[in-house]
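**Q**
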Amino acid sequence: MRHGAVTGRELMETAGRGVVEAIFSEWPELAAAPQCALVLCGPGNNGGDGFVVARLLRGWGWDVRLHLYGDPGKLPPDARANRDLWAEMGEVTPLTADDPPSSEGADLVVDALFGIGLTRPVALPLSRWSSHLEGGRRVAVDLPSGLCSDSGRRLGPEGGLFTADLTVTFHRMKLGHVLGEGPAACGRTRVVDIGLRRAADGGTAEPAARLVPAASRDRLGKAGGAHKFTHGHALVLSGGAGRTGAARLAARGALRIGAGLATLGVPGSAQLEVATQVTAIMLCRVDDAAALAEVLEDRRLTALCLGPGLGVERAAALLPAALQAKHCPAVLLDADALTAVAQDDGLLGALHDRCVLTPHAGEFARLFPDLADCLSEPPRRGPAFSRLDAARAAAERAGCVVLLKGPDTVIADASGAVVVSAAVYERAAPWLATAGAGDVLSGFVTGLLARGFAPMEAAATASRLHIDCALAFGPGLIAEDLPEMLPGVLRAL
Numbered sequence: 001m002r003h004g005a006v007t008g009r010e011l012m013e014t015a016g017r018g019v020v021e022a023i024f025s026e027w028p029e030l031a032a033a034p035q036c037a038l039v040l041c042g043p044g045n046n047g048g049d050g051f052v053v054a055r056l057l058r059g060w061g062w063d064v065r066l067h068l069y070g071d072p073g074k075l076p077p078d079a080r081a082n083r084d085l086w087a088e089m090g091e092v093t094p095l096t097a098d099d100p101p102s103s104e105g106a107d108l109v110v111d112a113l114f115g116i117g118l119t120r121p122v123a124l125p126l127s128r129w130s131s132h133l134e135g136g137r138r139v140a141v142d143l144p145s146g147l148c149s150d151s152g153r154r155l156g157p158e159g160g161l162f163t164a165d166l167t168v169t170f171h172r173m174k175l176g177h178v179l180g181e182g183p184a185a186c187g188r189t190r191v192v193d194i195g196l197r198r199a200a201d202g203g204t205a206e207p208a209a210r211l212v213p214a215a216s217r218d219r220l221g222k223a224g225g226a227h228k229f230t231h232g233h234a235l236v237l238s239g240g241a242g243r244t245g246a247a248r249l250a251a252r253g254a255l256r257i258g259a260g261l262a263t264l265g266v267p268g269s270a271q272l273e274v275a276t277q278v279t280a281i282m283l284c285r286v287d288d289a290a291a292l293a294e295v296l297e298d299r300r301l302t303a304l305c306l307g308p309g310l311g312v313e314r315a316a317a318l319l320p321a322a323l324q325a326k327h328c329p330a331v332l333l334d335a336d337a338l339t340a341v342a343q344d345d346g347l348l349g350a351l352h353d354r355c356v357l358t359p360h361a362g363e364f365a366r367l368f369p370d371l372a373d374c375l376s377e378p379p380r381r382g383p384a385f386s387r388l389d390a391a392r393a394a395a396e397r398a399g400c401v402v403l404l405k406g407p408d409t410v411i412a413d414a415s416g417a418v419v420v421s422a423a424v425y426e427r428a429a430p431w432l433a434t435a436g437a438g439d440v441l442s443g444f445v446t447g448l449l450a451r452g453f454a455p456m457e458a459a460a461t462a463s464r465l466h467i468d469c470a471l472a473f474g475p476g477l478i479a480e481d482l483p484e485m486l487p488g489v490l491r492a493l
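Numbering (the numbering used here), first residue to last: 1 to 493.
#1: In chain order, what residues of the same chain lie with their CB nearer than 8 Å to the CB of Gly474, ignoring the 5 residues before and after it?
#2: For Ser238 and Leu375, I'd like the C-alpha separation in whole angstroms.
#3: Give the C-beta separation of Gly309 and Leu338 to the nearest angstrom, bearing in mind that I take them to be a contact with Cβ-Cβ under 8 Å.
#4: Do you know offhand how far Tyr425's Cα is from Glu104's?
#5: Would you report the Cα separation of Gly117 and Gln343, rounded to the nearest angstrom?
#6: Between the beta-carbon of Leu357 and the beta-carbon of Leu296, is there less than 8 Å?
#7: Which residue's Cα is closest to the Cα of Asn45: Ser25, Val141, Ala87 and Leu85?
#8: Do you know how far the Cα of Gly253 is from the Cα of Glu480?
#9: Could you name the residues that DSSP lists as bridge partners for Leu40?
#10: Quick one: is Met456 buried, meaning 16 or more other Cβ sit within 10 Å of its Cβ, or exposed?
#11: Starting from the C-beta of Thr189, find all residues in its chain whose C-beta is less than 7 Å away, skip the five residues before and the five after it, and write them out in chain order.
#12: Whose C-beta lies closer than 6 Å to the C-beta of Val109 among residues of the same chain, with five residues either side of it excluded?
#13: Could you check which residue in Arg256, Thr279, Pro359 and Leu155 has the C-alpha nearest to that of Gly488?
#14: In whole angstroms, give me the CA-to-CA distance for Ile467 and Gly245.
#15: Rounding to the nearest angstrom, what Cα-Cα distance links His3 and Phe162 in this structure?
#16: By a C-beta neighbour count over all protein chains shown, 10 Å radius and 16 as the cutoff for buried, is Gly382 buried or exposed?
#17: Alpha carbons only, please: which of Gly242, Leu261 and Arg243 is nearest the one belonging to His231?
#18: For the putative contact between Cys186 and Leu113, defined by C-beta atoms under 8 Å, what is the C-beta separation to the nearest angstrom?
#19: Flag this pair as yes or no: are the beta carbons of Ala250 and Cys305 separated by less than 8 Å?
#20: Output the distance between the C-alpha atoms of Ala361 and Pro329, rounded to the nearest integer angstrom.
#21: Using 8 Å as the threshold, is the C-beta distance between Gly48 and Asp78 below it?
#22: What does the alpha-carbon distance come out to for the pair Gly203 and Phe385?
#23: Give the straight-line distance between the Cα atoms of Asp336 and Ala290, rounded to the nearest whole angstrom.
#24: Indicate the three-state DSSP secondary structure (helix, strand or coil) for Ala79 in the structure shown.
#25: Could you spell out where the beta strand (DSSP E) holding Leu261 opens and where it closes?
#26: Which first and last residues belong to the alpha helix (DSSP H) in which Val341 is found?
#27: Quick one: is Pro379 buried, meaning 16 or more other Cβ sit within 10 Å of its Cβ, or exposed?
#28: Counting only runs that start and end within the segment 4-36, where is the alpha helix (DSSP H) found for 4 or more residues in a row?
#29: Ignore the nearest five residues each way along the sequence and tell me which others in Cys355's own chain have a CB closer than 6 Å to its CB.
#30: Just to confirm, does Arg128 get its C-beta within under 7 Å of one of the non-hydrogen atoms of the ligand MG?
#31: Among residues of its own chain, excluding the 5 on either side of Val266, which ones have a beta-carbon nearer than 7 Å to its beta-carbon?
#32: Checking 8 Å against the spacing of the C-beta atoms, do Gly152 and Val122 come in under that value?
#33: For Pro94, count neighbouring Cβ atoms within 10 angstroms of its own Cβ and tell me buried if that reaches 16, exposed if not.
#34: Can you tell me whether DSSP reads Thr358 as helix, strand or coil?
#35: Do the CB positions of Arg65 and Met89 come within less than 8 Å of each other?
#36: Excluding five sequence neighbours on each side, which residues of the same chain lie with their C-beta closer than 6 Å to the C-beta of Arg198?
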């Protein structure tokens with residue numbers, strides 16, 4: 001097979017060499033002296049890559065044991081050619097579910113069984129095999145076997161899944177590397193350029209979803225000569241006494257990210273409590289829907305946040321006024337506001353294209369139970385239904401932007417556009433799993449909406465900066481720290 005000026009055989013050779021180079025870069029001690037490797041090859045071109053890896057390691061003087069799953073006579077032409085080259089150097093041992101490979105004495109185990117082309121469950125106990133491959137460093141070629149490259153989900157109700165310490169992929173990361181179980185199964189991931197940008201797509205092709213890029217300093221800065229209202233006014237609605245902390249976190253996030261003004265709308269019972277806690281954040285009394293409608297007559301209000309600490313009953317009472325405001329400010333719905341929408345189909349139908357929904361998995365299941373069921377059912381074929389598919393379908397149904405929270409946050413709009421904001425690999429920030437972090441994210445999005453960012457851009461940029469702030473602080477993070485990290489993060493852009 002020929003890709004532009006490069007043949008498939010040449011691409012396979014380059015891929016195998018890239019895997020070996022990545023292995024030696026990851027574990028320099030393996031390059032210092034010959035070692036022992038166990039290479040597991042599959043029936044497709046991923047197996048062909050494995051044959052190249054085995055041959056190159058043998059050329060370094062390694063002891064290599066190679067097992068092949070499937071009929072060698074049915075290998076694709078390029079893989080068969082590399083199988084024949086290997087056969088001149090070493091044995092090819094058949095691999096079956098009943099005859100597991102032995103990793104005894106192996107310093108390295110290479111999974112080149114299935115890679116990205118998998119569309120059905122694997123009839124091999126991959127999970128058990130990889131957990132018993134003791135002493136060896138485990139490497140997956142392109143993608144751990146058993147993982148769907150489109151969703152990061154294992155295929156089949158009891159599908160096997162190889163777990164790697166290092167995954168070496170080609171051209172660019174796939175969705176399966178960052179969604180679902182992908183990051184945990186892949187370990188660390190390295191991307192090797194094998195020339196596809198030049199040979200196959202000229203560098204212009206885009207993946208099905210893009211990762212959120214770093215934010216633009218110019219876009220987030222403020223123009224000289226402007227005044228506070230130039231940068232928008234965010235209104236964050238709060239719950240009653242004893243329930244104002246989440247809204248205060250959101251309002252501080254909105255102000256820190258650049259909204260010119262941030263106001264907390266509180267019931268009379270909470271006025272004194274909030275007044276003793278805030279300074280730069282302003283305060284107005286919002287007891288009920290009529291009061292909110294009156295406040296929203298001020299056209300200088302450009303964004304509204306409902307949900308954090310609001311209470312479901314209060315959210316349900318205020319939402320009609322928020323969604324039907326005459327000059328239609330941008331509206332972010334989180335937490336209790338999402339639960340209120342889930343309980344009233346009329347509210348779901350009142351959403352508009354300037355809304356952003358920010359559900360976590362539980363809230364998403366209440367809003368879109370059928371889509372959540374699709375995510376929870378074990379996939380029997382690939383490509384499996386993914387969080388990307390779920391967010392996209394939810395956004396189309398709601399007619400607005402949906403930010404589905406998680407380590408692999410997915411942001412979609414009603415047109416089908418989608419981005420992934422993943423806190424995985426070198427951007428992993430597990431300390432974001434702390435009370436109030438989601439409220440700050442809501443504030444970040446609201447602040448950007450207030451500044452005039454389009455809903456999709458606001459959600460994607462805020463999600464990226466939210467992770468950046470967590471990484472800048474590190475372990476020990478609590479929600480109050482996130483807004484305070486923004487100035488340093490913005491200066492570093």
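Glycine residues also receive a C-beta, built at the ideal position from the N, C-alpha and C atoms. Keep in mind the model is a prediction, meaning the values are calculated, not measured.
**A** So, to answer that:
#1: Trp431
#2: 33 Å
#3: About 13 Å separates the two Cβ atoms, so there is no contact after all.
#4: 29 Å
#5: 41 Å
#6: no
#7: Val141
#8: 9 Å
#9: His67 and Asp111
#10: With a threshold of 16 other beta carbon atoms within 10 Å, Met456 meets it and is buried.
#11: Closer than 7 Å at Cβ, skipping near neighbours: Thr167, Thr169, Met173, His177 and Tyr425.
#12: Leu38, Ser103, Leu133, Gly136 and Arg138
#13: By alpha-carbon distance to Gly488, the top candidate from Arg256, Thr279, Pro359 and Leu155 is Arg256.
#14: Straight-line measurement puts the Cα of Gly245 at about 21 Å from the Cα of Ile467.
#15: Because the pLDDT of His3 is 49, which lies under 50, any placement of that residue in the model is unreliable, and the question is left without a value.
#16: buried
#17: Leu261
#18: Contact flag wrong, Cβ pair sits at about 15 Å.
#19: yes
#20: 27 Å
#21: For Gly48 and Asp78, yes; Cβs fall inside 8 Å.
#22: Low local confidence applies: a pLDDT of 33 at Gly203 is under 50, so the model's placement there is unreliable, and no value is given.
#23: Linking Asp336 to Ala290 through their CA atoms gives a straight-line distance of about 20 Å.
#24: helix
#25: Leu261 to Val266
#26: Ala335 to Ala342
#27: buried
#28: 8-26 and 29-32
#29: Val331 and Cys400
#30: Inclusion of the ligand MG in the displayed structure is not the case, the ligand content being empty and no account of it being possible.
#31: Once the five neighbours on either side are set aside, the close Cβ partners of Val266 are Ser238, Thr244, Val274, Leu283, Arg285 and Val286.
#32: no
#33: exposed
#34: In this structure, Thr358 counts as coil in the three-state DSSP scheme.
#35: no
#36: At Arg198, the pLDDT of 45 sits below 50, so the modelled position is not reliable; the number obtained from the coordinates is stated separately. Closer than 6 Å at Cβ, skipping near neighbours: no residue.
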